[in-house]
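*Asks:*
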Amino acid sequence: MSFFSCDAKIKITKPTIHQPMARFGTNVFRGKKEQELYDKTIAGRYSKLVKKNHFLYLGLPFLLSIVAGSIYLQKFTSVKWEKYDEKYRQLGEEEMLDMIENKRKVNKKDDYYRLSGLLTDHLDKVEEDYEIKRIHRKKEDEPVWWRK
1 MSFFSCDAKI KITKPTIHQP MARFGTNVFR GKKEQELYDK TIAGRYSKLV KKNHFLYLGL
61 PFLLSIVAGS IYLQKFTSVK WEKYDEKYRQ LGEEEMLDMI ENKRKVNKKD DYYRLSGLLT
121 DHLDKVEEDY EIKRIHRKKE DEPVWWRK
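Structure (C-alpha cells):
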C-alpha cells in the first residue's frame with residue numbers, strides 16, 4: 001500500500017437549494033399562551049387590524065401625517081417668501097420721489113477715502129469718547145529699547 005492511496009470513499013452530494021429568507025422577519029413563533037397574551041396587547045390588536053386592512057390602518061395614517069406636516073410647515077415657508085418679497089418689492093411713486101429729492105451728492109475722492117477708512121471726519125468723534133493712557137508694566141516686561 002502506497003502513501004498516496006486512499007481507501008476512503010468520497011460521497012458526492014447535489015447542491016442544496018436554500019429558500020429565500022422572509023423580507024422583514026415578522027413571523028415570530030409564539031406558543032398558544034404567549035399568542036393569546038400578545039393578542040390582548042395594543043401591538044397585537046393593531047397587527048391584526050393591519051393584516052385585515054393594511055391601507056386603512058397603515059397607509060392612511062402615513063398619508064395624513066404627510067399632509068398635516070405640510071400644513072404645519074406652511075407657516076415657516078411663508079416667512080421665507082415674505083422676506084423675499086420685502087427684499088425685491090417695487091417702490092411706490094412717493095418713495096421714488098423722496099429718493100430723487102434727498103439724493104446724496106457723490107464725490108469719488110471722499111467716498112474712496114471713507115470706504116478705505118482714511119477719512120478723518122469720523123476719527124474726531126472717536127477721540128472725544130476716550131483718552132489713551134499707558135498702563136503700568138513690570139520693569140522686565142518693558143521693551144528692550146526703552147530700558148535704561
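Heads up: the sequence shown is residues 1 to 148, going by UniProt numbering.
All C-beta atoms, glycine included, are put in the ideal place defined by N, C-alpha and C.
1) When you compare the CB positions of V50 and Y57, do they come within less than 8 Å of one another, or not?
2) Is DSSP giving K52 helix, strand or coil here?
3) Under a three-way DSSP split, which group does T41 fall into?
4) Quick check on DSSP: helix, strand or coil for L73?
5) Quick check on R114: does DSSP put it in helix, strand or coil?
6) Counting along the chain, where does the alpha helix (DSSP H) carrying L97 start and finish?
7) In chain order, what residues of the same chain have a beta carbon less than 8 Å from the beta carbon of M99, not counting five sequence neighbours either side?
8) Report yes or no: is there a C-beta of chain D within less than 8 Å of the C-beta of E101?
*Replies:* Reading from the atomic positions:
1) The Cβ atoms of V50 and Y57 sit closer than 8 Å to each other.
2) K52 falls in the helix class under three-state DSSP.
3) Coil at T41, not helix or strand.
4) In this structure, L73 counts as helix in the three-state DSSP scheme.
5) DSSP places R114 within a helical segment (H, G or I) once states are collapsed to three.
6) For L97, the uninterrupted alpha helix (DSSP H) run begins and ends at E93 to E101, by DSSP.
7) Cβ neighbours of M99 within its own chain (closer than 8 Å, five residues either side excluded): L91.
8) No chain D appears in this structure, which consists of one protein chain only.
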